DNA sequence: CATGAATGAGAATTCATTCAT
DNA sequence: TATGAATGAATTCTCATTCAT
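Residue numbers (my numbering), protein chains in the order written: chain G, 13 to 201; chain Y, 13 to 201; chain A, 13 to 201; chain B, 13 to 201.
In structure tokens form, the structure reads like this:
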């Protein structure tokens with residue numbers, strides 16, 4: 013709702029702590045300290061600890077959506093390129109805005125029902141992008157299988173990277189994306 | 013350590029609660045109630061809340077290892093069959109022993125360092141099985157790509173199923189496994 | 013560390029309860045009630061139950077040190093007078109600040125190692141005062157014996173008074189002190 | 013009451029733990045373990061944790077009484093020798109049966125009222141011995157002062173030794189006793 | 001006598017949240 | 001906006017004691 017720059021900064025710091033410690037284990041005092049204020053003051057910026065979680069996830073998902081849309085808008089219409097672009101965009105957000113996304117992926121269950129309902133829309137919008145890209149690739153014969161299953165598998169493989177990918181290692185996120193796309197395309201020759 | 017049948021039963025119930033509520037949100041009182049004892053009695057069977065978590069994960073991982081080994085032992089030596097078998101075994105454990113596995117996948121971070129070290133060995137042993145299967149498939153030209161990346165992608169896609177797969181839906185876990193294998197094999201013709 | 017007047021008052025009340033019930037038997041709830049706050053609020057002022065104990069003992073020992081130093085500074089240089097002064101000062105603190113001292117004497121073992129180390133310094137400083145006084149008395153031929161033993165015996169006799177002395181009885185603390193000094197001086201004639 | 017040799021052994025072990033940890037901090041489980049049985053079994057030997065404490069103190073006080081009586085019976089009738097003998101006997105029991113005595117001295121408050129009443133008699137009997145010895149010494153002009161105060165001071169000085177005396181150091185308990193007696197006798201020349 | 005499992009009444013401590021200043 | 005003190009409900013864990021076997 014409120015999107016003051018201060019609040020945005022606080023959200024960023026909260027994301028980091030939520031990733032490090034998990035939502036439940038992150039105390040309001042830890043959040044406040046990280047933000048350089050006292051715990052009482054936090055409640056001037058956020059109604060709730062819940063609201064902080066929602067802010068983190070909303071921020072992350074919204075960014076992902078923007079980046080993906082922009083990337084798709086800017087790239088060629090070729091299905092293979094679009095697939096690759098989407099995979100790259102996904103990993104790019106996942107690692108530039110990693111904290112928010114890890115929170116979105118692994119603390120979703122901690123959201124209260126209202127927030128969950130609100131944010132589900134955003135999440136669905138993002139997944140819808142994927143479905144169109146997958147559909148096009150299927151239609152073009154680039155890949156085979158059930159559209160639903162394929163998109164789930166691909167998203168799973170991509171999301172799971174947060175568990176093992178080391179950004180300081182030799183491979184770039186773009187490499188990863190390309191490898192995944194290559195893996196599921198029968199014959200890129 | 014201690015493996016009384018009572019403890020095993022308690023572990024199973026704990027897994028269920030951990031999945032429903034998350035580890036941090038599951039109180040020892042909830043655990044005790046589910047087990048039909050009083051919270052004080054819990055500490056006869058487990059030293060700690062932590063130890064319950066470790067027991068759940070150990071149990072689950074050990075089962076997965078046993079099932080996968082047995083399945084591989086019993087199946088033919090053909091790389092494609094082995095790959096399919098491994099994927100099926102993975103999903104089978106994931107859904108027959110779902111609770112333990114969801115806990116293992118999503119509450120791993122809540123383990124204390126010692127338990128984590130201990131259980132890492134088990135986890136590694138399991139992943140090693142995957143790597144051999146993937147290696148064979150690569151060598152046989154069934155699939156292409158980096159062995160490390162491929163196994164990570166496949167495991168990610170499979171593990172992520174716990175987030176969306178509905179066992180009461182039209183597809184069986186074996187279907188899922190077959191579809192995934194088909195997806196990554198260039199040309200099964 | 014923190015020496016807010018509030019904390020000082022709380023420390024005083026804690027000392028009383030620790031004497032009445034013993035440290036281990038005094039619950040934080042009892043402490044809080046005596047202080048007119050709720051148990052949770054206690055931890056705003058003290059990190060720990062341990063810290064309360066340490067505060068009580070520190071407060072008491074510091075007072076004893078100040079009183080003894082001042083008394084010695086103000087009295088004549090005559091060894092006998094100094095000895096009597098020190099004994100009187102000891103009993104004076106022992107009975108004006110009785111609670112803190114009883115805690116210091118009988119709950120010392122309940123301190124955790126760090127607090128013990130910290131407070132040992134204070135205690136040593138106080139005992140050092142005694143040793144100089146005893147040394148002077150020995151040198152002047154007022155008393156005889158090993159300086160170490162004599163000071164231990166004298167301190168023992170004085171400290172033990174908290175076990176039997178009744179402040180409402182006929183004798184004043186100063187009487188006690190004088191009697192003790194008389195007892196150990198061969199011939200005051 | 014019951015004085016089986018087994019019970020006596022258990023009492024000895026309990027005394028040790030009570031000294032090491034303090035009565036309140038010694039759990040029934042610790043006691044049982046030290047005794048090589050399980051905590052449930054302890055209650056076949058003692059009705060209560062309280063009863064163990066009472067047994068420890070009773071045992072110790074009774075021994076002190078026996079030793080002191082025997083020592084006085086065997087020594088000459090000379091008041092100075094009797095005084096020295098009593099002091100030596102006190103320290104001897106204090107250090108051969110140290111644990112029981114430290115418990116008696118420092119955990120007395122933890123006794124419940126009945127046990128306290130019962131054991132007070134024993135304690136009084138022991139102190140009565142002291143008073144006769146002190147009286148004789150006063151009458152003989154060996155020492156001066158109020159009989160009550162003198163005996164309190166002497167007992168205090170002796171009891172306090174458990175706080176600082178190192179049995180492995182150069183001085184024997186008998187040395188200590190002699191030094192104390194010398195200290196309070198005007199002119200032993 | 002011994003045991004192991006269970007109990008239930010606390011114990012210390014934590015923590016999101018409130019609110020007067 | 002910020003703070004610091006307070007709250008109260010909840011949390012993990014402890015422990016003397018009981019009792020069926």
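We treat Cβ as the ideally placed atom computed from N, Cα and C, and that holds for glycine.
Fair warning: this is a prediction, and the values are worked out from it, not measured in the lab.
### Message
At the 8 angstroms Cβ level, is residue 70 (chain B) part of the contact set with chain A, yes or no?
### Response
Judged by the 8 angstroms Cβ criterion, residue 70 (chain B) is not in contact with chain A.
### Task
Identify each residue in the stretch 36 to 47 of chain A for which the Cβ-Cβ distance to at least one residue of chain B is less than 7 angstroms, and report them in chain order.
Correct list: 36 and 37.
### Task
Tell me, please, whether the CB atom of residue 118 (chain Y) is closer than 8 angstroms to any CB atom in chain G?
Yes - at least one Cβ of chain G is within 8 angstroms of the one on residue 118 (chain Y).
### Query
Which two residues bound the contiguous alpha helix (DSSP H) that contains residue 172 (chain G)?
Its alpha helix (DSSP H) spans residues 159 to 172.
#### Entry: Outcome for residue 172 (chain Y) when other beta-carbon atoms lying within 10 angstroms are tallied against a minimum of 16
When all chains shown are included, residue 172 (chain Y) counts as buried.
### Message
Can you check whether the C-beta of residue 173 (chain B) is within less than 8 angstroms of a C-beta belonging to chain A?
### Response
Taking Cβ atoms only, chain A reaches closer than 8 angstroms to residue 173 (chain B), which makes this a yes.
### Task
In the DSSP assignment, find the alpha helix (DSSP H) that holds residue 23 (chain A) and state where it starts and stops.
Going by DSSP, residue 23 (chain A) is part of the alpha helix (DSSP H) stretching over 17 to 33.
### Query
Cα separation between residue 185 (chain B) and residue 72 (chain B)?
Going from the Cα of residue 185 (chain B) to the Cα of residue 72 (chain B) covers about 18 angstroms.
### Query
Hey, is residue 153 (chain Y)'s beta-carbon within less than 8 angstroms of any beta-carbon in chain G?
No, no contact with chain G.
### Task
Would you kindly check if the distance between the Cβ of residue 142 (chain A) and the Cβ of residue 164 (chain B) is under 8 angstroms?
Taking 8 angstroms as the cut-off, the Cβ atoms of residue 164 (chain B) and residue 142 (chain A) do not count as close.
### Query
Residues of chain B with a CB under 8 angstroms from the CB of residue 196 (chain A): which are they?
Within chain B, the residues near residue 196 (chain A) are 195 and 196.
### Query
Under a CB-based cut-off of 8 angstroms, is residue 8 (chain A) close to chain B?
As displayed, chain A neither begins before 13 nor continues past 201, which places residue 8 (chain A) out of reach and without an answer.
### Query
For residue 103 (chain A) versus residue 194 (chain A), is the C-beta distance shorter than 8 angstroms?
Not closer than 8 angstroms, so no.
### Nearest residue (CA-CA) to residue 155 (chain Y), options Y:196, Y:21 and Y:70
When only C-alpha atoms are compared, the closest one is Y:196.
#### Entry: 7 angstroms Cβ cut-off: residues of chain G touching residue 65 (chain Y)
The premise fails here: residue 65 (chain Y) is roughly 13 angstroms from chain G at the closest Cβ pair, so nothing lies under 7 angstroms.
### Task
Using a Cβ-Cβ cut-off of 8 angstroms, state whether residue 13 (chain A) counts as contacting chain B.
For residue 13 (chain A), the predicted model reports a pLDDT of 49, less than 50, meaning its position is unreliable; a value from the coordinates is still stated below. Not one chain B Cβ lies under 8 angstroms of residue 13 (chain A).
### Query
Which full runs of the alpha helix (DSSP H) of 4+ residues lie inside the stretch 65 to 150 of chain G, going along the chain?
Complete alpha helix (DSSP H) runs here, min 4: 91 to 108 and 110 to 118.
### Query
Can you tell which of B:92, B:127 and B:132 has its C-alpha closest to the C-alpha of residue 150 (chain B)?
Of the listed residues, the one whose Cα sits closest to residue 150 (chain B) is B:92.
### Whole-angstrom distance between residue 28 (chain A) and residue 99 (chain A), CA atom to CA atom
When rounded, the distance between both Cα atoms is 24 angstroms.
### Task
Give a yes or no on whether the minimum CB-CB distance between residue 128 (chain B) and chain A is below 8 angstroms.
Proximity of residue 128 (chain B) to chain A, defined by a Cβ-Cβ separation below 8 angstroms, is not satisfied.
### Query
Which word fits residue 55 (chain B), buried or exposed, when buried means at least 16 other C-beta atoms lie within 10 angstroms of its C-beta?
Residue 55 (chain B) should be labelled exposed.
### Task
Output yes or no for whether 8 angstroms exceeds the beta carbon distance between residue 115 (chain Y) and residue 79 (chain Y).
It is not a contact, given that the beta carbons lie outside the stated cut-off.
### Query
Looking only at its own chain, which residues have a Cβ that is under 6 angstroms from the Cβ of residue 170 (chain Y), when we skip the five neighbours before and after it?
Within the same chain, residue 170 (chain Y) has close Cβ partners 102.
### Task
Give the residues of chain B in contact with residue 29 (chain A), contact being defined as C-beta atoms less than 8 angstroms apart.
Contact note: residue 29 (chain A) does not reach chain B at a C-beta cutoff of 8 angstroms; the least C-beta distance is about 14 angstroms.
### Query
In its own chain, which residues sit with a C-beta less than 8 angstroms from the C-beta of residue 75 (chain G), not counting the 5 before and 5 after it?
Within its own chain, the residues whose Cβ lies closer than 8 angstroms to the Cβ of residue 75 (chain G), once the five positions on either side in sequence are excluded, are 105, 109 and 112, listed in chain order.
### Contact with chain Y by residue 142 (chain G), beta-carbon distance below 8 angstroms
By this cut-off, residue 142 (chain G) is not an interface position.
### Query
Should residue 198 (chain A) and residue 198 (chain B) be called a contact, given that it needs their Cβ atoms to be closer than 8 angstroms?
Using a Cβ distance threshold of 8 angstroms, residue 198 (chain A) and residue 198 (chain B) count as a contacting pair.
### Query
Hey, quick one: how far does the alpha helix (DSSP H) through residue 49 (chain A) stretch, first residue to last?
Neither: residue 49 (chain A) is in no alpha helix (DSSP H) and is coded neither H nor E.
### Query
How would you label residue 200 (chain B), buried or exposed, when you count the other beta carbons within 10 angstroms and need 16 or more for buried?
With a pLDDT of only 48 at residue 200 (chain B), under the threshold of 50, the placement of this residue in the model should not be trusted; the figure read from the coordinates follows. By the 10 Å Cβ count, residue 200 (chain B) comes out exposed.
### Query
Can you name the residues of chain B whose CB is closer than 8 angstroms to the CB of residue 186 (chain A)?
The premise fails here: residue 186 (chain A) is roughly 13 angstroms from chain B at the closest Cβ pair, so nothing lies under 8 angstroms.
### Task
Identify whether residue 182 (chain G) lies in helix, strand or coil by the three-state DSSP scheme.
When DSSP states are grouped into helix, strand and coil, residue 182 (chain G) belongs to the coil group.
### Message
8 angstroms is my cut-off, CB to CB: does residue 190 (chain B) come that close to chain A?
### Response
Judged by the 8 angstroms Cβ criterion, residue 190 (chain B) is not in contact with chain A.
### Message
Is it buried or exposed, residue 48 (chain A), if we count other Cβ atoms within 10 angstroms and call 16 or more buried?
### Response
So residue 48 (chain A) ends up on the exposed side.
### Message
I'd like to know if residue 112 (chain A) contacts chain B, where contact means its C-beta is closer than 8 angstroms to some C-beta of that chain.
### Response
Not a single C-beta of chain B is nearer than 8 angstroms to the C-beta of residue 112 (chain A).
### Query
What residue from Y:18, Y:128 and Y:35 has the CA that sits closest to residue 122 (chain G)'s CA?
Per the C-alpha coordinates, the member of Y:18, Y:128 and Y:35 positioned closest to residue 122 (chain G) is Y:35.
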